[in-house]
Ligand code: 13P
Ligand code: SF4
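Numbering (this note's numbering), first residue to last: 127 to 487.
Structural data, given as structure tokens:
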């Protein structure tokens, strides 16, 4: 189906990636495990971690009654929890989403510099300009966007529901303006068989998966199945045995009967996959160089890697000034506007689950 990719969008040409933590820094961080557990308990906090965080952060969430999940589940759990302090270990849009949905709660992030290249690719001022050029289009924003962009959108969606939403909007005869991931935009257009006008943004990790190298790896491992996140290029998606969000890929490995998987998504997911299937083998899919991206450490998101135990402790135990450095704030008028499409997403997710989707969401 037709995919129209927007041209002349002002976006970063180069992505400045944070430095990788050294082996000594990682070792020092792991020695803080008990202290981090204590801090979470003392402050009655809930730790919500994305699957892409490091194994030690995910273990901390497990051992403190916290939660590990995909971006949709993180949003839902943060809202539903009775606890007033939530630490979001992920990237900034995840913390912002939690704050938009729960303004009364203190939402802490270990590192405010944890960006997402998709978010960086879509500035509110650019979206305003494009919306003016497409006044009749329904703006569907990926969750990986700023609060400002969410506030300008009709719908928010995560990868776990994107095709279903496109199908739903197609049924209502709506034209989709999709921001900001070009690959997910193409995936939606193909699978919902509808026209999509897409922003040309990219996830620097998933965009780097190399179809040719993956095809070679498949040949070397003929029994293995390839798992692909839809933020990956179409040529990689075309090779997949299963395409899905992080949660969907993980769920697949639990019920599928293969013994070996090639995994084209961020390395952090291996922790939960290996835990769920201790006897299966998971192999990281190869990445290649891309313009504007230097020194990618394989399929590792450099911003997710900024989440450390030391920073979690600091966010909870620091003085007021330090805490403020970790505390997510969203301008109230932006928050109120961003709440509407987010709320719609949660209602849509619940309706899909119940099997009864009203036509007027
Ligand atoms: P999920 O919604 O699948 O968790 O993906 C979030 C993300 O950042 C993917 O790169
Ligand atoms: Fe963003 Fe990609 Fe990192 Fe996910 S893996 S947070 S999409 S840069």
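Think of the CB as a built atom: it goes at the ideal place given N, C-alpha and C, for glycine as much as any other residue.
Computed from a prediction, not measured in an experiment: that's the story for all the values here.
Host beta strand (DSSP E) of residue i (start-end)
i	result
residue 379	Where residue 379 is concerned, there is no enclosing beta strand (DSSP E), although the alpha helix (DSSP H) it sits in stretches over 372 to 381.
residue 351	351 to 354
residue 177	Per DSSP, residue 177 belongs to no beta strand (DSSP E) and is neither H nor E.
residue 195	193 to 195
residue 233	232 to 234
residue 322	322 to 324
residue 282	281 to 283
residue 214	211 to 215
C-alpha distance - residue i paired with residue j, whole-angstrom precision
i	j	result
residue 282	residue 220	13 Å
residue 429	residue 142	10 Å
residue 216	residue 242	10 Å
residue 309	residue 146	27 Å
residue 173	residue 226	17 Å
residue 470	residue 402	32 Å
residue 249	residue 137	8 Å
residue 214	residue 235	5 Å
residue 193	residue 200	8 Å
residue 204	residue 197	11 Å
Selection from the options that minimises the alpha carbon distance to residue i
i	options	result
residue 259	411, 303, 139, 422	303
residue 351	361, 214, 408, 195	408
residue 410	336, 474, 416, 378	336
residue 162	184, 319, 418	184
residue 414	441, 339, 175	339
residue 354	378, 134, 180, 346	378
residue 285	327, 370, 207, 222	370
residue 254	231, 485, 305	305
residue 151	329, 433, 481, 192	433
As assigned by DSSP and simplified to three states, the class of residue i
i	result
residue 331	coil
residue 170	coil
residue 130	strand
residue 307	strand
residue 223	helix
residue 136	coil
residue 319	coil
residue 368	strand
Boundaries (first-last residue) of the alpha helix (DSSP H) holding residue i
i	result
residue 411	No alpha helix (DSSP H) contains residue 411, which DSSP labels as neither H nor E.
residue 265	Looking at the DSSP string, residue 265 is not in any alpha helix (DSSP H); the run it does join, the beta strand (DSSP E), is 264 to 268.
residue 362	360 to 363
residue 462	458 to 480
residue 450	446 to 452
residue 483	No alpha helix (DSSP H) holds residue 483; DSSP gives it neither H nor E.
residue 341	337 to 346
residue 255	250 to 259
residue 297	288 to 297
DSSP beta-bridge partners of residue i
i	result
residue 198	Its beta-bridge partners do not exist; DSSP assigns none.
residue 275	DSSP lists no partner for residue 275.
residue 387	351, 408
residue 183	Answer is none; residue 183 lacks a bridge partner.
residue 203	DSSP, once it has assigned bridges, lists no residue as partnering residue 203.
residue 302	264, 322
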